[in-house]
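Notes for the one structure printed next.
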Amino acid sequence: METKRGVPNILGNGLVGVGLVLFAVAVAGAVGVVDVRFSPGVYLIFVAISFILAWLLRSLT
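Under my numbering, the sequence shown is numbered contiguously, ending at residue 52.
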């Protein structure tokens, strides 16, 4: 395994996964399916941050 290229890709893909889960929570909270702690906008901010960090990590390779 090439750690120079593999680690940023693994972390980037993990952040994309976290972002997708947070996006699902934001949508479910906005629709009213689940009762979430924060407003959906807060979750969307974290989604944007995780996608930007994932993009930066994946662009390192």
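Think of the CB as a built atom: it goes at the ideal place given N, C-alpha and C, for glycine as much as any other residue.
- Between LEU44 and PRO(-1), the CB-CB gap reaches or exceeds 7 angstroms.
- GLY20 counts as buried, since at least 16 other C-beta atoms from the protein chains shown sit within 10 angstroms of its C-beta.
- At the C-beta level, LEU48 and LEU11 stay beyond 7 angstroms of one another.
- Annotation: the continuous alpha helix (DSSP H) that includes PHE37 extends over 31 to 50.
- Here GLY23 carries a coil assignment [DSSP, helix/strand/coil].
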